[in-house]
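Encoded as structure tokens, the structure appears first; notes follow it.
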Amino acid sequence: MKILRQYWIGFLVILLLLTSIYLIYRKLSQKEIPPHLIVGVGRIDGDLISLNTKYAGRVKEIFVEEGKEVKKGEIIAVLSGKEYEAELEAVRYNIKAKEKEIEAKEIELEILKKTLPENVKKARSSLKINLSLLKELEKQIETVKSIVEKDEKDYERFKNLYEKKLIPEDRLEKIKLKLESDRNRLKGFLEKKKQIIQQIDAAKSSLKQAEATVKKIEILEKGISALKIGINALKSREKQLMVILDELKIRSPVDGYIVDKIADKGEVLGEGMVVATVIDPETLYLKIFVDTINNGKIKIGDRALIFLDAYPDRPIEARVVRISQRAEFTPKEVAVKEDRIQRVYAVHIKPLKVEPVLKLGLPAVGVISITGKGLPKSLKELPEI
Numbered sequence: 001m002k003i004l005r006q007y008w009i010g011f012l013v014i015l016l017l018l019t020s021i022y023l024i025y026r027k028l029s030q031k032e033i034p035p036h037l038i039v040g041v042g043r044i045d046g047d048l049i050s051l052n053t054k055y056a057g058r059v060k061e062i063f064v065e066e067g068k069e070v071k072k073g074e075i076i077a078v079l080s081g082k083e084y085e086a087e088l089e090a091v092r093y094n095i096k097a098k099e100k101e102i103e104a105k106e107i108e109l110e111i112l113k114k115t116l117p118e119n120v121k122k123a124r125s126s127l128k129i130n131l132s133l134l135k136e137l138e139k140q141i142e143t144v145k146s147i148v149e150k151d152e153k154d155y156e157r158f159k160n161l162y163e164k165k166l167i168p169e170d171r172l173e174k175i176k177l178k179l180e181s182d183r184n185r186l187k188g189f190l191e192k193k194k195q196i197i198q199q200i201d202a203a204k205s206s207l208k209q210a211e212a213t214v215k216k217i218e219i220l221e222k223g224i225s226a227l228k229i230g231i232n233a234l235k236s237r238e239k240q241l242m243v244i245l246d247e248l249k250i251r252s253p254v255d256g257y258i259v260d261k262i263a264d265k266g267e268v269l270g271e272g273m274v275v276a277t278v279i280d281p282e283t284l285y286l287k288i289f290v291d292t293i294n295n296g297k298i299k300i301g302d303r304a305l306i307f308l309d310a311y312p313d314r315p316i317e318a319r320v321v322r323i324s325q326r327a328e329f330t331p332k333e334v335a336v337k338e339d340r341i342q343r344v345y346a347v348h349i350k351p352l353k354v355e356p357v358l359k360l361g362l363p364a365v366g367v368i369s370i371t372g373k374g375l376p377k378s379l380k381e382l383p384e385i
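Note that the sequence shown covers residues 1 to 385 in UniProt numbering.
The structure is reproduced here in structure tokens:
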């Protein structure tokens, strides 16, 4: 028993010795990060896009779930817009009614424009002719009046001579007949003058009516113009309502995938409320943190690689696209022990092309080459972080 006990003690001593030797060897042979490389741990991040409503409404349909791939312009959800649809229908009926009213007024205007020139021409011609006749007639009246006055004087003179038995009776009768004839002729001219004056008044009245019709044409033209302005206003409202109804269809602005579905069918949303969030894979990047010394070595555009834990032998080519200008306290997810005792700077590493394996929130390792060379082909070439 004593020999067996000594044997076991010796075995344990040898085992402890070998373990110590292995640990010392491993410590001495541990891989180091090359001086031209800067390595950091972080998570895949990106620019989330909130698909929010522009107008309030009830969710009529929603076509996506979390993680679903969507294309640019694809309809994500539709909000109910019955009140806008009813107003749009009313606006379109009003447009049609006003267009019919314009048609009727334009027909009336066309008729007036065709008849007006002829009416005005006739009225003006009639007035001109009658004024000319009146002027000529007045000259004749004045002439006949002079003749009648002379006849009256002659009659009085011959009457006196007849009473004195100086002329025969037939001579006096001739003078009397001439006087009566000239008086009748004057009377006829005066009657004719009255008729011409009546015709002039009628012509003036016709001309006045024609001029009033001109004003009616102006009123009709202004009315048609006002109706057209009204139609333009209605058409503007029609376009506005069509835009509102289109805005009730929530579309994806990018090719990407849904991160969060926030609203559900039947839910009432106010203006600006979020229906879902989408991310564009082209905006994905790895956000790592480096210390002050390493931050000073990095430049925008430096070559880099991204390694996912699930694909340690699949490097994703990338470049540095952003370097924070302000230091911050080390986030909890930073795994480098020495980084936790100092302030660090955020560095964004973006893939050169869209990588389907990259997902929002995945942990990853970023490797930056400050010389542009010597990037590892596998995560196994680097020490564990």
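Glycine included, each C-beta is placed from N, C-alpha and C at the ideal position.
Taking 7 Å as the limit between beta carbons, can you name the residues of its chain near residue i, skipping five residues before and five after?
{"i": "V357", "result": "L308, Y311"}
{"i": "residue 400", "result": "Since the first residue of the chain shown is 1 and the last is 385, residue 400 is not available in this structure."}
{"i": "V144", "result": "D182, R185, L186, F189"}
{"i": "M273", "result": "N52, T53"}
{"i": "residue 386", "result": "Since the first and last residues shown for the chain are 1 and 385, residue 386 lies out of range."}
{"i": "L248", "result": "Y55, G57, V78, L79, G81"}
{"i": "Y155", "result": "I175, K176, L179"}
Our contact map puts residue i next to residue j with C-beta atoms below 8 Å; I'd like the distance itself, whole angstroms only.
{"i": "L245", "j": "E85", "result": "7 Å"}
{"i": "I76", "j": "F63", "result": "6 Å"}
{"i": "I229", "j": "N130", "result": "Their Cβ separation, rounded to whole angstroms, is 45 Å, which puts I229 and N130 out of contact at 8 Å."}
{"i": "D280", "j": "V254", "result": "4 Å"}
{"i": "M287", "j": "G42", "result": "It is worth fixing the name first, because residue 287 is Lys in this sequence and not Met. With a Cβ gap of about 5 Å, K287 and G42 count as contacting."}
{"i": "K159", "j": "L172", "result": "6 Å"}
{"i": "I217", "j": "L112", "result": "5 Å"}
{"i": "S126", "j": "A203", "result": "4 Å"}
{"i": "L352", "j": "L241", "result": "Not really, about 46 Å apart at Cβ, beyond 8 Å."}
For the candidate residues the options, whose alpha-carbon lies nearest to that of residue i?
{"i": "residue 426", "options": "I250, L286, K373, A364", "result": "Shown here, the chain extends from 1 to 385; a query on residue 426 therefore has no answer."}
{"i": "E66", "options": "S378, G366, K359, G372", "result": "K359"}
{"i": "G81", "options": "E69, I298, T53", "result": "T53"}
{"i": "G256", "options": "V70, L166, K165, T292", "result": "V70"}
{"i": "P206", "options": "L248, R124, N130, L131", "result": "Reading off the sequence, residue 206 comes out as Ser, not Pro. It is R124 whose Cα lies nearest to the Cα of S206."}
{"i": "E381", "options": "E83, K159, D313", "result": "D313"}
{"i": "G366", "options": "E328, L305, S378", "result": "L305"}
{"i": "A346", "options": "F329, L362, V354", "result": "F329"}
{"i": "I175", "options": "K192, A203, R157", "result": "R157"}
{"i": "E271", "options": "A56, A364, K68, R343", "result": "A56"}
{"i": "K135", "options": "K194, E99, I111, K150", "result": "K194"}
{"i": "P383", "options": "K216, L352, I262, E32", "result": "E32"}
{"i": "residue 390", "options": "G40, Y285, L241", "result": "The question about residue 390 has no answer here: the residues shown for the chain are numbered 1 through 385."}
{"i": "K122", "options": "K96, K208, L88", "result": "K208"}
{"i": "P315", "options": "A364, K377, L352, K353", "result": "K377"}
{"i": "D151", "options": "I141, K139, L177, N94", "result": "L177"}
{"i": "A364", "options": "G40, I141, E247", "result": "G40"}
{"i": "L220", "options": "L15, E110, K96", "result": "E110"}
{"i": "R326", "options": "E317, S252, V214, T292", "result": "T292"}
{"i": "K114", "options": "V214, E317, K164", "result": "V214"}
Using a Cβ-Cβ cut-off of 8 Å (strictly less than) and excluding sequence neighbours within five positions of residue i, which residues of its own chain qualify?
{"i": "G374", "result": "P34, H36, L37"}
{"i": "D260", "result": "E66, A276, T277"}
{"i": "R58", "result": "L79, S80, G266, E267, V268, L269"}
{"i": "R92", "result": "E238"}
{"i": "D47", "result": "I279, D280, T283"}
{"i": "I298", "result": "I38, V290, V320, I323, V347, I368, I370"}
{"i": "K68", "result": "Y257, I258"}
{"i": "K192", "result": "L137"}
{"i": "V148", "result": "L179, D182, R183, L186"}
{"i": "K98", "result": "L227, G230, I231, L234"}
{"i": "K94", "result": "A small correction: the amino acid at residue 94 is Asn; Lys does not occupy that position in the sequence shown. Excluding sequence neighbours, N94 sits near L234."}
{"i": "I102", "result": "I224, L227, K228, I231"}
Using a Cβ-Cβ cutoff of less than 6 Å, which residues in the same chain neighbour residue i once the five nearest sequence positions on both sides are dropped?
{"i": "V321", "result": "H348, K350"}
{"i": "L133", "result": "I196"}
{"i": "I341", "result": "A caution first: I341 carries a pLDDT of 48, below 50, which makes its placement in the model unreliable, though a value can still be read off. For I341, where only same-chain residues beyond five positions count, there are no Cβ hits under 6 Å."}
{"i": "S324", "result": "Y345, A346"}
{"i": "N295", "result": "Y345"}
{"i": "S29", "result": "Any reading at S29 must be qualified, since the residue scores a pLDDT of 47, below 50, and its modelled position is unreliable; no value is offered."}
{"i": "L161", "result": "I167"}
{"i": "I141", "result": "F189"}
query: Where in the region 223-299 do unbroken runs of the beta strand (DSSP E), each at least 3 residues long, occur, reported from the N-terminal end onward?
result: Counting only runs of 3 or more, we get 249-251, 256-261, 274-279, 285-290.
query: Using 8 Å as the threshold, is the region 220-227 in touch with the region 98-113, meaning 3 or more CB pairs across them?
result: Yes: at least three Cβ pairs fall under 8 Å.
message: When you compare the region 232-239 with the region 155-171, are there three or more beta-carbon pairs, one atom per stretch, that lie closer than 8 Å?
response: These segments do not touch.
Continuous alpha helix (DSSP H) assignments of at least 4 residues falling wholly in the region 97-178: If we require 4 residues or more, the region 97-178 turns out to have no alpha helix (DSSP H) run fully inside it.
field: Residue ranges of each alpha helix (DSSP H) within the region 187-219, 4 or longer
entry: Whole alpha helix (DSSP H) segments, 4+ residues: zero.
field: Entirely enclosed beta strand (DSSP E) segments - the region 309-374, minimum 3 residues
entry: Runs of the beta strand (DSSP E) inside the region 309-374: 311-323, 343-351, 363-369.
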